[in-house]
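Below is one structure, written out as structure tokens; the observations come after it.
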Amino acid sequence: MTATQPVAGPGTEASDQPGVAGPTTSGRKPGGDVRETLYFALRNPKVLIGAVVVLGFLLLGLIGPAFLRYAPMDYAGPPMAPPSADFPFGTTTFGQDVFAQFVAGLRSTFLVGLLGGGVAAVIGMTIGFVAGYRGGLIDELLNMLTNVVLVIPGFVVLIIINAYLGVRSVPMQALYIGVFSWPWVARAVRSQTLSLRSRDFIDLARLSGVGVGTILRREVAPNMYSYLFMTFVLLFGGSILTAASLDFIGLGPTNAMSLGLMMNQAVQWSALHLGLWWWFIPPGLGITLIVGSLYIMNVGLDEVFNPKLREM
Amino acid sequence: MLTLNQLDKVYKTGTFGTSDLHAVRQVSLDVQRGEVVSLIGESGSGKSTIGKMVLHLLDSTGGTITFDGRDVTKLGFRARRDYYRKVQGVFQDPFSSFNPIYKVDRTFETLRQSYFPKVSGGEWRSRLEDALAAVTLEPDDILGKYPHQLSGGQLQRLLIARALLLDIELLVADEVISMLDASTRIDVLNLLGELKGRGLGILFVTHDLSLGNYVSDRVVILYKGRVVERGDTSAVFDDPLHPYTRDLLASVPHLDRTWEEVEAEEAERTRRLAGRCLYHEAAAAQGRSLGEEAASAEGSAPGEVPDGVGLVEYAPGHFVGCFRKAAEAPCPAA
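Protein chains in written order, with this note's numbering: chain Z, 1 to 312; chain F, 1 to 334.
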């Protein structure tokens, strides 16, 4: 082997995917090339389907209210009307427009996912990075904290907090959910950081007189961006599900509409017995589709970031 | 320039950190300007640990590290930044020394942001090209490439160039050759020799005896965390005294001598030194008997080197430790 001949670095997957003609050289580390990642992401059916469904609902939630004639709580039409041209999802027992409620509910659903997932991601990643990188006593303490929060029955505590504090806005609900759903992120990030920390380039960064924060931000985190992204997707879906469950048992926001709250009201007013299927099917289906698509997207992204899983 | 005095590294092992693992025991050595000192030992002998402690990548448990007369055993973040201006390291695996998802330029850019924020882009570029020229690399071939597009030898020389950008005085080279091909090895070795000529002190950590012989002025032989023999390269290689050093040297094939000749010479030396321990003989000659020394080690009088890790000067510039092998083994002379 001569000095001019490029040597395949450890972890290159060039040989794993013969015949793949990416726009750039294949055989780069996962997450290393944005263009290559995008190339595979846009050709992965799981990612595509998931993204289309989620983005479709997001768009509906964002621009839908602008085209609505009625507010979610308005007594707009005849009670218990089945879907029609005027009311695409029908009306409730009180003549409220189910479609208007659905569109408003989508907004709070995405808000809960974004905020709850974001809070959990920030807490979990910070604790994971610091614990994994610093090690020693700090690691022990943070690990203890993580394990304590992990064994707390989060959902039960959420019920109690929601019932006691009585702060019933969507952002507060998202915050509570975020504060209780980070432990597994912290553990996963910590273990990945532990393995990255022992690599020589981390030592070399330290020899460059760079501080801990900079090393974590510039050397450790970029190596696991793909993983962090997928973590966020999972947290996003998890927060939506938790919020819907809370809403359904009557601990939802008092000043806003959400998909879970719609189902809660539908059950309260015996929509099941009265056969008002248009009242509870749309919110239930909406939550299932969004969370399901997020999980399918997560599996697809796994294939995108990890060339060994690609089905091509 | 760099002096290690009775440096210790103890790892806590076991479930609750109940048992100790002595990775480095009472190691004392020094590196002068324009000198290559080889730290030779097998895997697990603590040689890399010593290198990492000198570079402050690991904390030492006991003993002192002095650089230019200043104690640098414990350094804060600021002081460590200044220390790294003068002391740099190059590691064994060039592929893992670069973040695989970035171009190699980024390693230099990190250095620039950290130490030379005021240097302009053009000025930095010319400095970088000078440093690359010093390690016989063409800037156009190297810059803008990813680590996996370059060979191990190129990457290793890049790392040395990185150290040169800082105008360092001491380089800790931790097994820099072992991952390289034979053809690129000699380039890096000659580069180290050239740097030595410029007045750089080099602590060369290796497990390869012939490399140690080739580049170094002095060698330190480590075994299980302690220095068993140390001295001028020629003295140690021509007349190895400690049983471990003799075993080590006897296992290296020679180009100019047959196996029988080497065996015969080694057998003669073994016969001469059998059942003896030069360390304790010298200690006894100084008026201390074995029993006294063992007793003083138990009590560990202040300033006293514990028995079994000290060295005596057998010949000028040639030090040897107690002839026992493992720390717990009995001395052959006892």
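Positions of the beta carbon are idealized from the N, C-alpha and C atoms, including for glycine.
Residue from Z:Tyr70, Z:Tyr133 and Z:Trp184 with nearest C-alpha to Ala120 (chain Z)
Z:Trp184
Can you give the Cα-Cα distance for Val157 (chain Z) and Trp182 (chain Z), rounded to whole angstroms?
15 Å
By a C-beta neighbour count over all protein chains shown, 10 Å radius and 16 as the cutoff for buried, is Gly255 (chain Z) buried or exposed?
Looking at the sequence shown, residue 255 (chain Z) is not Gly but Asn. The residue is exposed, with fewer than 16 neighbouring Cβ atoms inside 10 Å.
Go through its chain and collect everything with a Cβ distance to Ser108 (chain Z)'s Cβ below 6 Å, but skip five positions before and after it.
Val170, Ala256 and Ser258
Here's the rule I'm using: 16 or more other beta-carbon atoms within 10 Å means buried, otherwise exposed. How should Arg85 (chain F) be labelled?
exposed
Span separating the alpha-carbon of Thr288 (chain Z) from that of Gly252 (chain Z):
18 Å
Count the other CB atoms within 10 Å of the CB of Gly170 (chain F); is the residue buried (16 or more) or exposed (fewer)?
Looking at the sequence provided, one finds Leu at residue 170 (chain F) rather than Gly. Buried: at least 16 other Cβ atoms inside 10 Å.
Do we get a CB-CB distance below 8 Å when we pair Val304 (chain Z) with the residues of chain F?
no
Please state whether DSSP places Ser38 (chain F) in a helix, a strand or coil.
strand
Own chain partners of Ala333 (chain F) with C-beta closer than 8 Å, once the 5 adjacent residues on each side are dropped:
Gly275, Arg276, Cys277, His280, Glu281, Leu290 and Phe323
Taking 8 Å as the threshold (beta carbon to beta carbon), is Tyr11 (chain F) in contact with chain Z?
no
Please compile the residues from chain Z whose C-beta is within a distance smaller than 8 Å of the C-beta of Leu111 (chain F).
Ser208
Could you name the residues of chain F that Asp203 (chain Z) contacts, counting a contact when the two beta carbons are closer than 9 Å?
Lys52, Leu55, Leu57, Gly89, Phe91 and Ser97
Closer than 8 Å is the cut-off here; do at least three beta carbon pairs connect the segment 98–109 of chain F with the segment 153–161 of chain F?
yes
Does the separation of the CB atoms of Val103 (chain Z) and Leu150 (chain Z) fall below 8 Å?
no
How would you label Gln268 (chain Z), buried or exposed, when you count the other beta carbons within 10 angstroms and need 16 or more for buried?
exposed
Starting from the C-beta of Asn298 (chain Z), find all residues in its chain whose C-beta is less than 7 Å away, skip the five residues before and the five after it, and write them out in chain order.
Met230, Val233 and Leu234
In chain F, which residues lie with their C-beta within 7 Å of the C-beta of Asp200 (chain Z)?
Phe91, Asp93, Ser96 and Ser97
Going by beta carbon distance, what residues of the same chain come within less than 6 Å of Ser239 (chain Z), once the five residues before and after it are set aside?
Val112, Gly113, Gly116, Gly117 and Ile177
Residue from F:Pro253, F:Pro243 and F:Thr73 whose Cα sits closest to the Cα of Arg271 (chain F)
F:Pro243
The alpha helix (DSSP H) enclosing Lys86 (chain F), as first and last residue numbers
Phe77 to Lys86
Helix, strand or coil: which one does DSSP assign to Glu169 (chain F)?
coil
Buried or exposed: Trp278 (chain Z), going by 16 or more other Cβ atoms within 10 Å of its Cβ?
buried
Against Arg81 (chain F), what residues of chain Z qualify as contacts under a CB-to-CB distance less than 7 Å, listed in chain order?
Gly209
Does the beta-carbon of Leu195 (chain F) have 16 or more other beta-carbons within 10 angstroms, so that it is buried, or is it exposed?
buried
Cutoff 8 Å: Asn223 (chain Z) Cβ touching any chain F Cβ
yes
For Ala23 (chain F), report the span of its beta strand (DSSP E) as first-last.
Ser19 to Val31
Phe77 (chain F) versus chain Z: which residues are under 8 Å apart at the beta carbon?
Gly211
Tell me the DSSP bridge mates of Leu203 (chain F)?
F:Val37 and F:Val172
Do you know offhand how far Val31 (chain F)'s Cα is from Phe236 (chain Z)'s?
57 Å
Cutting at 8 Å between CB atoms, please list the residues of its own chain near Asn162 (chain Z), excluding the five before and the five after it.
Arg168, Gln173, Tyr176, Leu246 and Leu251
Please identify, using Cβ separations under 9 Å, the residues of the segment 34–67 of chain Z that lie next to chain F, in order along the chain.
none
Helix, strand or coil at His318 (chain F) according to DSSP, with G and I counted as helix:
strand
Leaving aside the five residues before and after Leu29 (chain F) along the sequence, list all residues of the same chain whose C-beta is less than 6 Å from its C-beta, in chain order.
Leu4 and Val220
Taking 8 Å as the threshold, find out whether the segment 6–25 of chain F comes into contact with the segment 87–107 of chain Z through three or more Cβ pairs.
no
Going by other Cβ atoms of all chains shown within 10 Å of its Cβ, with 16 needed for buried, is Thr18 (chain F) buried or exposed?
exposed
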